[in-house]
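J.: Protein chains in written order, with the numbering used here: chain U, 1 to 186; chain A, 1 to 186.
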DNA sequence: AGGTTCATGTAACCCGTTACATGATTTC
DNA sequence: GAAATCATGTAACGGGTTACATGAACCT
């Protein structure tokens, strides 16, 4: 059960396709028109990525003919694609995930309600919180020991990193509360 | 005056080499032992990157023989390399820089005291602040309009994005104050 | 004598970027 | 009739990841 060769962009596509079937053009528009604009909407990235997903059996495409309108190729998530999305989302959170930028972790989380449900989302948040809480002190102590020898810009940049992780930790705590509240209503 | 073909890793190397001459091995250790650990310390990335920088005349290497110790190849920034670093750092800040992740912007800033001095660092921070302040409302209004139709995890992920940009804005304001204070002392 | 650290590389693979290319349909 | 939008591709290029490879010096 390994995640063979799907890029972050690939998972982003799987996540969006989970909601509804879309064409490559739809997906490009989606990326450019929502906060997922951090992904490139260039045809040179999306069309090849969709082709790769189809080769691996994670999506299935069909041509949609529309009178008057352009014909287009609609993509739908296959059961294997949905399973691979869940596998990726459920991976344990390790320090390296935190270090290499939290963008991928947030992507994993953002589709989680639909694919895994709130209980798993809560588990994710709890693990995320723990990993953040474990990592921040190492940054703090680096600043403590080296801050006085660093240039102002360097020190400020480091402080920004610490702030960013701390506001993420706050966010995680609040998100956990949101899920606990929504579970009480059941 | 365009920035022909230097990757983010390349600029990170130029920035670190600005402080002192180092070998490839030193640079790998530096990346793995400091908060710059977000860069890969694998030999497969660093040695080829150094070779490319030397081909472009941005660094110059020499072999250092040390009795008893291992011989190693020390890299030094050339004047052209220092100039290219400054050119990269001085580029205007555009919305796209904000959207594609602020890591590269923070990297640009973190070496700025040594290369461009505090006045330029202040200019950078002011532009950064303005660009952030201009971008955040568009995220807010997206949340306003679409939040009610989004799943909880998706909405929380979006809120996290907004929070992150806002804490960055706070940081920028404080950093500006730090520079203004340090200028008063002149 | 054997394992760890120092030190530097190469090569295959994947994939994102950029640019180019095409054609239908809609709008003014 | 021209411009913008819809819609889907291809191809060259660059560079990061991973894995493989080598050898000297140091420590026990």
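Even for Gly, the Cβ is constructed at its ideal location relative to N, Cα and C. Bear in mind that the values here come from a model prediction, so they are computed numbers and not experimental data.
I'd like the ranges of any alpha helix (DSSP H) spanning at least 4 consecutive residues and lying wholly in the region 85 to 114 of chain U.
T.: 95 to 99 and 103 to 110
J.: Tell me the DSSP bridge mates of residue 59 of chain A?
T.: A:77
J.: Does the beta carbon of residue 20 of chain A sit closer than 9 Å to a beta carbon anywhere in chain U?
T.: no
J.: Quick one: which chain U residues come within Cβ less than 8 Å of residue 87 of chain A?
T.: Under the 8 Å cutoff, chain U gives no residues; its nearest Cβ is about 17 Å from residue 87 of chain A.
J.: If we ignore side chains and look at the alpha-carbon of each, how far apart do residue 51 of chain A and residue 78 of chain U end up?
T.: 45 Å
J.: Using 10 angstroms around the beta-carbon of residue 8 of chain U, count the other beta-carbons present and answer buried if the total reaches 16, otherwise exposed.
T.: exposed
J.: Any contact of the region 3 to 23 of chain A with the region 143 to 162 of chain A, i.e. 3+ C-beta pairs under 8 Å?
T.: no
J.: With 9 Å as the limit, tell me which residues of the region 93 to 112 of chain A have their beta carbon closer than that to any beta carbon of chain U; keep them in chain order.
T.: 99, 100, 101, 102, 103, 106, 107, 109, 110, 111 and 112
J.: When DSSP builds the beta bridges, which residues end up paired with residue 23 of chain A?
T.: A:74
J.: Measure how close the beta-carbons of residue 84 of chain A and residue 16 of chain A come, nearest whole angstrom, since I'm counting them as under 8 Å.
T.: At roughly 15 Å, the Cβ-Cβ gap does not stay under 8 Å, so residue 84 of chain A and residue 16 of chain A are not in contact.
J.: In chain order, what residues of the region 15 to 43 of chain U put their CB closer than 8 Å to some CB of chain A?
T.: 34, 35, 37 and 38
J.: Quick check: residue 134 of chain U and residue 95 of chain U, are their CB atoms within less than 9 Å of each other?
T.: Yes. Within cutoff.
J.: Just to confirm, are residue 74 of chain A and residue 22 of chain A a CB contact at a threshold of 9 Å?
T.: yes
J.: Please list, in chain order, the residues of the region 141 to 153 of chain A that have any C-beta partner in chain U closer than 7 Å.
T.: 142, 151, 152 and 153
J.: Could you check if residue 175 of chain A is buried or exposed, using at least 16 other CB atoms within 10 Å of its CB as the buried criterion?
T.: buried
J.: Is it true that the CB of residue 14 of chain U sits closer than 9 Å to the CB of residue 58 of chain U?
T.: yes
J.: Name the DSSP bridge partner or partners of residue 64 of chain U?
T.: U:72
J.: Answer with yes or no whether the minimum CB distance from residue 118 of chain U to chain A is below 9 Å.
T.: yes
J.: When Cβ atoms are compared, which residues of the region 45 to 64 of chain U fall closer than 7 Å to chain A?
T.: none
J.: Between the region 102 to 114 of chain A and the region 150 to 165 of chain U, can you find at least three pairs of beta-carbon atoms closer than 8 Å?
T.: yes
J.: Can you tell which of U:37, U:34, U:25 and U:60 has the C-alpha that lies nearest to the C-alpha of residue 43 of chain U?
T.: U:25
J.: Buried or exposed: where does residue 173 of chain U fall if 16 or more other Cβ atoms within 10 Å of its Cβ makes it buried?
T.: exposed
J.: Would you grab the beta carbon distance between residue 164 of chain U and residue 157 of chain A for me? Rounded to a whole angstrom, and I think it's under 8 Å.
T.: The pair is not a contact, with the Cβ atoms about 16 Å apart (cut-off 8 Å).
J.: Give the interface partners of residue 91 of chain A over in chain U, defined as CB-CB distance under 8 Å, in chain order.
T.: In chain order: nothing, as chain U lies at least about 16 Å away.
J.: Just to confirm my understanding: we take residue 37 of chain U, look at its own chain, exclude 5 residues before and 5 after, and list those with CB closer than 7 Å. What are they?
T.: 31, listed in sequence order.
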